[in-house]
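Here our numbering is used: the first residue of the sequence shown is 77, the next is one more, and so on. Glycine included, C-beta positions come from ideal geometry on N, C-alpha and C. Read through the structure below, which is laid out as structure tokens, and then see the notes.
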Amino acid sequence: MDLDLEAKKVLLRKIPHGLFICGVREGDEVNGFTASWVTQGSFDPPLVVMAVRAEGSSHGIIQRTKLFSLNFLKSDQKDLAAVFFKPQTALGGRFESAPFEFGDLGLPILDNAIGAIECELIGEVVHGDHTVFVGEVKTATLKNDVQPLNLSSTGWTYGG
Ligand SMILES: Cc1cc2nc3c(=O)[nH]c(=O)nc-3n(C[C@H](O)[C@H](O)[C@H](O)COP(=O)(O)O)c2cc1C
Numbered sequence: 077m078d079l080d081l082e083a084k085k086v087l088l089r090k091i092p093h094g095l096f097i098c099g100v101r102e103g104d105e106v107n108g109f110t111a112s113w114v115t116q117g118s119f120d121p122p123l124v125v126m127a128v129r130a131e132g133s134s135h136g137i138i139q140r141t142k143l144f145s146l147n148f149l150k151s152d153q154k155d156l157a158a159v160f161f162k163p164q165t166a167l168g169g170r171f172e173s174a175p176f177e178f179g180d181l182g183l184p185i186l187d188n189a190i191g192a193i194e195c196e197l198i199g200e201v202v203h204g205d206h207t208v209f210v211g212e213v214k215t216a217t218l219k220n221d222v223q224p225l226n227l228s229s230t231g232w233t234y235g236g
């Protein structure tokens with residue numbers, strides 16, 4: 077049976093997504109990128125699932141360190157999301173636009189966002205152009221409990 081590629085694209089783009097800044101750190105190197113393929117995967121233990129582009133610079137850092145943070149963007153932070161998906165001159169340069177501190181697990185937590193979680197990697201599915209990472213939520217920092225930024229409000233697409 078042939079896959080209807082147009083129907084597949086239209087349908088997959090209807091999956092609702094939020095927008096997050098995923099933070100990683102390896103030694104002195106810190107990086108962050110915009111992620112939308114994120115969802116919760118378990119209540120107990122609390123798990124999150126995130127798909128990361130296999131060719132991106134953060135992918136290997138997550139595999140090696142087995143750690144990542146997720147910063148939850150506010151509804152008015154579209155410009156910041158754009159900073160974190162555009163190419164950068166040097167690893168970590170995007171954080172010049174966004175002050176941060178390190179959380180208890182040593183991962184970047186933005187000063188100005190809804191909040192952030194830090195996760196330990198407990199599993200991965202390495203198949204295709206993105207790797208599906210499963211992380212257990214180890215810390216949670218709530219800064220401003222306001223409306224989140226949703227992909228549908230931006231006019232951008234990532235999916236299909
Ligand atoms: C709207 C939007 C959503 C994105 N969502 C993801 C995502 O869920 N996972 C991912 O790996 N990349 C995603 N990206 C692409 C990354 O943000 C982009 O490839 C980034 O440059 C990767 O940074 P890095 O190579 O420094 O890790 C998205 C891009 C856009 C425009």
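Ordered along the chain, which non-local residues of its own chain (more than five positions away) have a Cβ less than 6 Å from that of Arg-170?
As a working note, residue 170 is residue 94 in the sequence shown. Within the same chain, Arg-170 has close Cβ partners Gly-108, Val-159, Phe-160, Gln-164.
Could you check how far apart the C-beta atoms of Leu-186 and Phe-178 are, in whole angstroms? I think they sit under 8 Å.
Reading the sequence shown from its first residue, position 110 is the one you call residue 186. Reading the sequence shown from its first residue, position 102 is the one you call residue 178. No, Leu-186 and Phe-178 are not in contact; Cβ-Cβ is about 11 Å, not under 8 Å.
State yes or no: is the C-beta of Asn-226 within less than 8 Å of the C-beta of Gly-117?
Start at 1 with the first residue of the sequence shown, and residue 226 comes out as number 150. Start at 1 with the first residue of the sequence shown, and residue 117 comes out as number 41. No.
What is the rounded straight-line gap between the Cα of Lys-162 and the Cα of Val-124?
Residue numbering aside, residue 162 sits at position 86 when the sequence shown is read from its first letter. Residue numbering aside, residue 124 sits at position 48 when the sequence shown is read from its first letter. If I take the Cα positions, the gap works out to 25 Å.
Mapping the DSSP letters down to three states, classify Leu-146 as helix, strand or coil.
Within the sequence shown, numbered from 1, the residue matching residue 146 stands at position 70. Correct three-state label for Leu-146: strand.
Residue of Val-210, Glu-102, Val-128, Leu-181 minimising C-alpha distance to Leu-167
Taking the first residue of the sequence shown as position 1, residue 167 is located at position 91. Looking at the Cα atoms, Glu-102 is the closest of the given residues.
Using a Cβ-Cβ cut-off of 7 Å (strictly less than) and excluding sequence neighbours within five positions of Ser-133, which residues of its own chain qualify?
In the sequence shown, counting from the first residue as 1, residue 133 sits at position 57. Correct list, in chain order: Asn-107, Leu-167.
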